[in-house]
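Under the working numbering, the letters of the sequence shown match residues 3 to 354, in that order. Ideal Cβ placement from N, Cα and C applies to all residues, glycine included. Below you'll find the structure, written out as structure tokens, and then a few comments.
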Amino acid sequence: MNKIFHLILLACCIVCWTSCSTEVNLNAPAKEIWVVYGVLNPEDSVQYIRVANGFLPEGDALEYAKENDLSAKGLLVNLRGANKSWEAVETNDQPKDEPDGLFFPNTTLYKFETTGTQSLESGETYELEILQPGKDDFVLRSQTGIPEPSEFFIPNFTPGPGRERCLRVVDLVSEYKIEFSAGGGKAFEIRAFLDYEENFVPKTAVYGPTDLFTTNVRCQSGATMCYQFREKEIITAFFNDMDPQDVNVYTYAVNNQTKCSEVIDFLPDAFRFEITSMDQNLASYQLANDPSLSAFNTVKPEFTNIEGPNGMEILGIFGSINKGRIKARLDECGEYLLHLNETPRPLDCQEL
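And the structure:
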């Protein structure tokens, strides 16, 4: 019986050895790939579209990308929307924002001028079309709807003397909740900024961005969106950014003389919240590539909203963002903790 068992085991091993191979072909046949990236921002005077005609080579892909500019040149790139149209200008040899030595240092961008009467408008839909001269069957298309900027409900301005409006006092030591309108945005990020002077030298402390979110975070707010910050979350980030020293003088432009005005635009924005709203396309793309969200097999589907001829592999994203902002004022405890305006310590204010 043992002899039969060993023969069966040997036969199984032979089958396994002959049916499995450790030799794997790491290189697929060469393939043409088109990649389009563009994010519209109505606050910008110039919009850029990047188009790359990538190839999967037979050799070392990293070496190929390091030695070759994969930008697609000579294309006709058009934008239409809100009864306006733009034809992009090709700009070559643009240095990349953060050259790292791994990839070709320059790229080609297609530029739209969006100023004056040709400015982009919130709430409008824009269509992108990319043509290749000499190839009638080549066309890449996409579209995006620019969200409205989020409107803040909390914080917002408070009534002042006469017709004046005043900056809302914000307590960043306790938990703090902001409420805002979605404005057509499908995903959001929040930042906070503090412009101050250290020994009369202008500087800025920054909190954020928060993680991307699509629903209320740690709060409920009915028909509006809300986000609740944890205790000391923002003020600790400001403090660490500033690293205030007792020997230095720190000031910011909000005080009892500047906190109110009949004209909101004249109120100082030394402390402000900013919400970046993303359209559905960009939200889907960001969420699909969020490293904190993975499938059971760790392989995520590649999201793209770029359409093209059948049989062509196309990647990338064409989306849009918009930004909403609100000015406010730190409470006395916050000003004291950040050493601002020589504010004395309030009785109930504890150190960070």
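Put residue i into one of helix, strand or coil per three-state DSSP.
| i | result |
| --- | --- |
| T160 | strand |
| C351 | coil |
| Y112 | strand |
| F7 | Low confidence applies here, because F7 scores a pLDDT of 35, under 50, leaving its location unreliable; read the following figure in that light. DSSP places F7 in helix when its eight states are reduced to three. |
| S286 | helix |
| I316 | strand |
| A90 | coil |
| Q230 | strand |
| I308 | coil |
| E344 | coil |
| Y338 | helix |
| E235 | helix |
| I266 | helix |
| A197 | With the sequence shown as reference, residue 197 is identified as Asp, and Ala is not the correct amino acid for it. It is a strand residue. |
| Q369 | Residue 369 falls outside the range modelled here, since the chain spans only 3 to 354, and no answer is possible. |
Roughly how many angstroms separate the alpha carbons of residue i and residue j, rounded to a whole number?
| i | j | result |
| --- | --- | --- |
| D213 | Y229 | 11 angstroms |
| A90 | A84 | 17 angstroms |
| E150 | A184 | 8 angstroms |
| E344 | E200 | 12 angstroms |
| L332 | N43 | 30 angstroms |
| Q222 | E177 | 14 angstroms |
| Y39 | R52 | 5 angstroms |
| A225 | I237 | 29 angstroms |
| I277 | P204 | 23 angstroms |
| Y198 | L342 | 8 angstroms |
| V172 | P211 | 19 angstroms |
| M280 | E34 | 30 angstroms |
| F202 | F240 | 18 angstroms |
| P2 | D138 | The first residue shown for the chain is 3 and the last is 354, placing residue 2 beyond what the model contains. |
| N258 | C351 | 20 angstroms |
| V37 | R143 | 12 angstroms |
| K5 | I316 | Because K5 carries a pLDDT of 41, less than 50, the predicted location of this residue cannot be relied on, and the following value inherits that uncertainty. Answer to the nearest angstrom: the Cα atoms are 59 angstroms apart. |
| E153 | K325 | 10 angstroms |
| L284 | S124 | 16 angstroms |
| R165 | I308 | 51 angstroms |
| V141 | M227 | 39 angstroms |
| T146 | G313 | 24 angstroms |
| G318 | I148 | 18 angstroms |
| Q288 | P163 | 46 angstroms |
| N108 | E45 | 26 angstroms |
| T253 | L77 | 52 angstroms |
Measuring CA to CA, which of the options is closest to residue i?
| i | options | result |
| --- | --- | --- |
| L72 | S87, T226, G56 and L196 | G56 |
| T216 | N242, G186 and N312 | G186 |
| R82 | S47, D46, V48 and E126 | E126 |
| S47 | F231, S121, V37 and W88 | S121 |
| I156 | F231, F140 and L142 | F231 |
| S322 | C351, L77, E129 and V37 | E129 |
| N218 | F140, F320 and E181 | E181 |
| S286 | G310, P311 and F320 | F320 |
| L340 | L77, G318 and D245 | D245 |
| K1 | E45, N108, L77 and R220 | Nothing can be reported for residue 1, as the shown portion of the chain is limited to 3 through 354. |
| R170 | E45, T260, T253 and N108 | T260 |
Apart from the five residues just before and just after residue i, which ones in its own chain have a Cβ nearer than 8 angstroms to its Cβ?
| i | result |
| --- | --- |
| R167 | F159, T160, P161, C262, S263, E264, I266 and L269 |
| K75 | E92, N94 and T110 |
| K234 | L174, V175 and L354 |
| R274 | A194, F195, R327, I328, K329 and A330 |
Within a Cβ cutoff of 6 angstroms, which residues of the same chain sit near residue i, ignoring the five residues on either side of it in sequence?
| i | result |
| --- | --- |
| R255 | The question names Arg, but residue 255 in the sequence shown is Ala. Once the five neighbours on either side are set aside, the close Cβ partners of A255 are P270 and A272. |
| V2 | Residue 2 cannot be examined here, being either before or after the span of the chain that is shown, 3 to 354. |
| Q49 | L42, F114 and T116 |
| P346 | none |
| D292 | none |
| W88 | L81 and F114 |
Which same chain residues end up closer than 7 angstroms to residue i when comparing Cβ atoms and leaving out the 5 residues on each side of it in sequence?
| i | result |
| --- | --- |
| P348 | E334, C335 and Y338 |
| D243 | A207 and V208 |
| K86 | Q120 |
| Q282 | K188 |
| A54 | V37, L72, S73 and A74 |
The stretch 194-207 in contact with the stretch 131-151 per 3-pair CB rule at 8 angstroms
no
Cβ pair count under 8 angstroms reaching 3, the stretch 111-126 against the stretch 244-251:
no
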